[in-house]
Structures are given as structure tokens and as C-alpha cells.
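Before any comments, here is the structure.
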Amino acid sequence: SLLTGLYPPSSGTIIINGKDIRTDLAAIRTELGVCPQYDVLGHDMTGKAFSKLVPFLYSYFRALEDVDLSQHQYKPVGALSGGMKRRLSIAISFIGNSKTVVLDEPTSGLDPCSRRSIWDVLLKYKAGCTLIFTTHHLGEAEVLSDRIAILQHGQLRCCGSPSYLRETYGQGH
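No gaps in the numbering here: position 8 of the sequence shown is 8 in full-length UniProt numbering, and each next residue is one more.
Take a look at the structure:
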């Protein structure tokens, strides 16, 4: 919520791509993709209908291919499985070639197979942008992250590469 500008920070500073969220929020939002924890998709709409809402048609259809949903583009969202809905939400967050994409619990509630499918999508996309995501799964953070920041009650407790954190804090933490 803070990174997307939904709420202002109560203290500290948030800089995204060199821009301060307090003074450059409009500019930040033009470069920011967001995937909330809970899918915000119209259940009666088809994947193709979403394309009418998005001015980046080429990016949209490429994103559907990237998340392996091209064959389902005419189905109502309500007819898609939970994993498919999640992949669609993630694909939408990458439309427009965002420089930074914020994902809140991208694999929350998914079975292991669907979780791995989401990981594959995120690994594919992370080469071209900065991904910031929240997760309760340490394994997920290790697979997807170059750097991990651990927050507790809004305070940064530690930050580093997965290998650094493992070496510093050991197994079981």
C-alpha cells in the first residue's frame, strides 16, 4: 500500500526509480505495475475483454502468451482456475513495460504446481524490470530474489542476498 501510494509513509522516504513517492507519485505510477494479493478481475469479463481496457494491446497479448493463457482468452474470468486467475493478474501488472512491478503475495493460496508456474513467469519477467514482492515463503524469496529485505512491524530488520542472509543468520531463521 505504501509503495503504490495508496497510503503515505508515516515516516521515512520511499524512492522508486529515483523519484520520491511524496512528491512524484503521478510520475511513479506511470512506471509502476501492481498485482494486489487478491485478484481484482471482473468475473464475467473474458481475457480478451480486458484488452479493451488496456491501451497496450500488443503487450497484453504477449503477456497472455507469456503466462500460457492465450487459449483461454475468450473464457469469462470466473471460469478460470485460481492459478489461471493469478497468472492473468500477474500478466496485467506487467503490461506497459513497467520499470518496477509490485506484487503482494503472488502465490498465496496456490497449490505447489501453480506456485511453480507463477515462479517461472516471474523469473521470465524479472530480467527487464525490478520486482518487489511480499511473501511468507522463504523458498520463494530465495528462488526469485537477488536481494531480500525482512521487515517486522514496518521496520527493516535485515537486507541482503539470499546467500548472505543464510550465511549470516544460518538455517532455521
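Backbone N, C-alpha and C define an ideal beta-carbon position, used for all residues, glycine too.
Please say whether residue j and residue i have beta carbons closer to each other than 8 Å?
i: residue 234; j: Ser81; result: In this structure the chain extends from 1 to 173, so residue 234 is not present and cannot be described.
i: Lys124; j: Asp66; result: yes
i: Lys126; j: Asn17; result: no
i: Val101; j: Gly154; result: no
Got a sec? Which residues, its chain only, sit under 6 Å from residue i by beta carbon, not counting five neighbours each side?
i: Cys158; result: Ile150
i: Leu122; result: Leu144
Measure the alpha-carbon distance for residue i versus residue j and round it to whole angstroms.
i: Glu167; j: Ser145; result: 16 Å
i: Thr134; j: Glu105; result: 5 Å
i: residue 177; j: Thr4; result: Any answer about residue 177 is impossible in this case: the structure gives the chain only from 1 up to 173.
i: Leu165; j: Val143; result: 14 Å
i: Tyr169; j: Ser161; result: 12 Å
i: Gly12; j: Thr23; result: 13 Å
i: Leu131; j: Leu103; result: 7 Å
i: Gly78; j: Met84; result: 10 Å
i: Arg115; j: Leu2; result: 25 Å
i: residue 236; j: Asp20; result: Past the boundaries of the shown model lies residue 236; the chain is included only from 1 to 173, so the question cannot be answered.
i: Pro112; j: Asn97; result: 28 Å
i: Gln152; j: Glu140; result: 18 Å
i: Leu156; j: Asp120; result: 28 Å
Can you tell me whether residue i is buried or exposed? The criterion is at least 16 other CB atoms within 10 Å of its CB, across all chains shown.
i: residue 175; result: Summary: the structure shown does not reach residue 175, with the chain confined to residues 1 through 173, and so no result is reported for it.
i: His72; result: buried
i: Ser70; result: exposed
i: Ile118; result: buried
Can you find the residues in the same chain that come closer than 8 Å, C-beta to C-beta, to residue i, ignoring five residues on each side of it along the sequence?
i: Ala63; result: Ala91, Ile92, Phe94, Ile95
i: Leu110; result: Gly82, Gly83, Arg86, Ile118
So, for residue i: in the same chain, excluding its five sequence neighbours on each side, which residues have a beta-carbon less than 7 Å away from its beta-carbon?
i: Cys129; result: Ser98, Lys99, Thr100, Val101
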